[in-house]
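Reviewing the structure listed below.
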Ligand SMILES: Cc1ncc(COP(=O)(O)O)c(C=O)c1O
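In my numbering, the protein residues as written are 623 to 1010.
Encoded structure:
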């Protein structure tokens, strides 16, 4: 075992009084925050050094994609996923959520429908309405070992009047599903048949748990050899993998330059430029971040195993194993609690509430924290569901 001194995940800075959304949710209460998807770990030293170098420059004027931004992402996608992207097709955006919101306005009209698999990361459900578009939910099927696509339900939704876009969350938050190539191709077929554009949110694609141990690998939707894939938009960011969400830097990979020219104006003047520190961190992450990322994935695999052991021992709880992410999607419907979220909070644990993801009776647990804290969180989970 590495010593605490060279283990970047053993101890974490206190995030109180830093404006942390995660830690400010339960002020003055002994509740372990395990909800919003950021990690308690500091970013790797190479990224901090790159940010400091940019600060040392001292001038922070209006900034667009600096040299190396597009190229470092293209190199990262080629190295990690075998996907060769022309850097000219990459455009920066301050967030993946911003990117989704832009596609709603760019590629769908008023009252058109945007399809998505549920349960899902809440903005997939709320953003269409904010843009005067409709959200069409296609529920995934819960099986013992995986969450599967309900092809009949997808076909029916895709055939609905005004269906224009499919927002794919791949890997999938909250279930941790890494969609297989066969499924992606079948989805591409369906999209092509019904004239849907696929927007693939691949923000979790660098946190694949078992790819070095014979498990599924991530296949970018747009890398498939299919016309619907060649027309797709992909959204990525370094923020989940290297814990940079507060720096607001993501990227869209567009099918062609014409869309790029319309992309910025689709923000309606509301979308700011990416800030120079976000760019510096992103370039460093994609260029130098892989050794740290691999160590993180090892830790997350261990944490998922701890969660599974704990969940299996609590009557009424179950969890389909995740293939990606640092999230566990726990089915509490058999535990005899009307409000699992409230039960957890009363026991000192603050997960995300499944209702926000379109699936009441579930909770989502963020396990990207020091192991000791996770062990305490799991003790509180046991307490929350202990027999009354
Ligand atoms: C699937 C997914 N997309 C997007 C985001 C947020 O991305 P951003 O902070 O770049 O808007 C998250 C954050 O948890 C997420 O899980």
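Backbone N, C-alpha and C define an ideal beta-carbon position, used for all residues, glycine too. Keep in mind it's a predicted model, so treat the numbers as computed, not measured.
Indicate, with yes or no, if ligand 1 has a heavy atom lying under 6 Å from the CB of residue i.
{"i": "residue 798", "result": "no"}
{"i": "residue 791", "result": "yes"}
{"i": "residue 718", "result": "yes"}
{"i": "residue 861", "result": "yes"}
{"i": "residue 736", "result": "no"}
{"i": "residue 897", "result": "no"}
{"i": "residue 948", "result": "no"}
{"i": "residue 901", "result": "no"}
{"i": "residue 975", "result": "no"}
{"i": "residue 825", "result": "yes"}
{"i": "residue 1012", "result": "Shown here, the chain extends from 623 to 1010; a query on residue 1012 therefore has no answer."}
Around the Cβ of residue i, are there at least 16 other Cβ atoms within 10 angstroms (buried) or fewer (exposed)?
{"i": "residue 625", "result": "The predicted position of residue 625 is uncertain, since its pLDDT is 46 and thus under 50; a value taken from the coordinates is nonetheless stated next. Looking at its Cβ environment, which holds fewer than 16 other Cβ atoms inside 10 Å, residue 625 is exposed."}
{"i": "residue 674", "result": "exposed"}
{"i": "residue 892", "result": "exposed"}
{"i": "residue 849", "result": "exposed"}
{"i": "residue 975", "result": "buried"}
{"i": "residue 640", "result": "exposed"}
{"i": "residue 711", "result": "buried"}
{"i": "residue 704", "result": "exposed"}
{"i": "residue 841", "result": "buried"}
{"i": "residue 701", "result": "exposed"}
{"i": "residue 1009", "result": "exposed"}
{"i": "residue 746", "result": "buried"}
{"i": "residue 1012", "result": "Absent from the structure is residue 1012, since the part of the chain shown begins at 623 and ends at 1010."}
{"i": "residue 1016", "result": "Here the chain covers residues 623 to 1010 and nothing more, so residue 1016 does not appear."}
{"i": "residue 720", "result": "buried"}
{"i": "residue 925", "result": "buried"}
{"i": "residue 927", "result": "exposed"}
{"i": "residue 874", "result": "buried"}
{"i": "residue 635", "result": "exposed"}
{"i": "residue 756", "result": "buried"}
{"i": "residue 810", "result": "buried"}
{"i": "residue 698", "result": "buried"}
Rounded to whole angstroms, what is the Cα-Cα separation between residue i and residue j?
{"i": "residue 998", "j": "residue 654", "result": "9 Å"}
{"i": "residue 920", "j": "residue 890", "result": "42 Å"}
{"i": "residue 886", "j": "residue 716", "result": "11 Å"}
{"i": "residue 727", "j": "residue 787", "result": "11 Å"}
{"i": "residue 837", "j": "residue 799", "result": "12 Å"}
{"i": "residue 687", "j": "residue 714", "result": "7 Å"}
{"i": "residue 870", "j": "residue 692", "result": "16 Å"}
{"i": "residue 935", "j": "residue 951", "result": "16 Å"}
{"i": "residue 797", "j": "residue 681", "result": "43 Å"}
{"i": "residue 844", "j": "residue 822", "result": "8 Å"}
{"i": "residue 754", "j": "residue 630", "result": "44 Å"}
{"i": "residue 652", "j": "residue 881", "result": "49 Å"}
{"i": "residue 667", "j": "residue 901", "result": "16 Å"}
{"i": "residue 646", "j": "residue 804", "result": "42 Å"}
{"i": "residue 690", "j": "residue 767", "result": "41 Å"}
{"i": "residue 770", "j": "residue 943", "result": "13 Å"}
{"i": "residue 623", "j": "residue 905", "result": "Caution applies to residue 623, whose pLDDT of 39 falls short of 50 and renders its modelled position unreliable; the model cannot decide the point."}
{"i": "residue 872", "j": "residue 896", "result": "8 Å"}
{"i": "residue 783", "j": "residue 1000", "result": "46 Å"}
{"i": "residue 628", "j": "residue 913", "result": "13 Å"}
Does the distance from the CB of residue i to the CB of residue j come in under 7 Å?
{"i": "residue 857", "j": "residue 677", "result": "no"}
{"i": "residue 669", "j": "residue 867", "result": "no"}
{"i": "residue 818", "j": "residue 851", "result": "no"}
{"i": "residue 983", "j": "residue 954", "result": "yes"}
{"i": "residue 989", "j": "residue 933", "result": "no"}
{"i": "residue 709", "j": "residue 696", "result": "yes"}
{"i": "residue 947", "j": "residue 763", "result": "no"}
{"i": "residue 865", "j": "residue 663", "result": "yes"}
{"i": "residue 1005", "j": "residue 969", "result": "yes"}
{"i": "residue 741", "j": "residue 1007", "result": "no"}
{"i": "residue 820", "j": "residue 790", "result": "yes"}
{"i": "residue 642", "j": "residue 909", "result": "no"}
{"i": "residue 945", "j": "residue 831", "result": "yes"}
{"i": "residue 656", "j": "residue 987", "result": "yes"}
Let me check understanding here. Comparing Cα to Cα, which of the options lies closest to residue i?
{"i": "residue 793", "options": "967, 779, 863, 1006", "result": "863"}
{"i": "residue 854", "options": "940, 690, 876", "result": "876"}
{"i": "residue 724", "options": "749, 930, 735", "result": "749"}
{"i": "residue 993", "options": "823, 683, 796, 661", "result": "661"}
{"i": "residue 972", "options": "957, 1002, 981", "result": "1002"}
{"i": "residue 815", "options": "832, 777, 835, 822", "result": "777"}
{"i": "residue 734", "options": "722, 751, 645, 744", "result": "751"}
{"i": "residue 959", "options": "939, 672, 948, 846", "result": "939"}
{"i": "residue 632", "options": "1009, 996, 1000", "result": "996"}
{"i": "residue 806", "options": "708, 739, 900, 755", "result": "739"}
{"i": "residue 638", "options": "690, 860, 649, 630", "result": "649"}
{"i": "residue 835", "options": "827, 923, 753, 898", "result": "923"}
{"i": "residue 812", "options": "980, 1007, 775, 722", "result": "775"}
{"i": "residue 827", "options": "957, 931, 757, 860", "result": "860"}
{"i": "residue 824", "options": "888, 883, 743", "result": "743"}
Closer than 7 Å, CB to CB, is residue i near chain D or not?
{"i": "residue 783", "result": "Of the protein chains in the structure, only one exists, and it is not chain D."}
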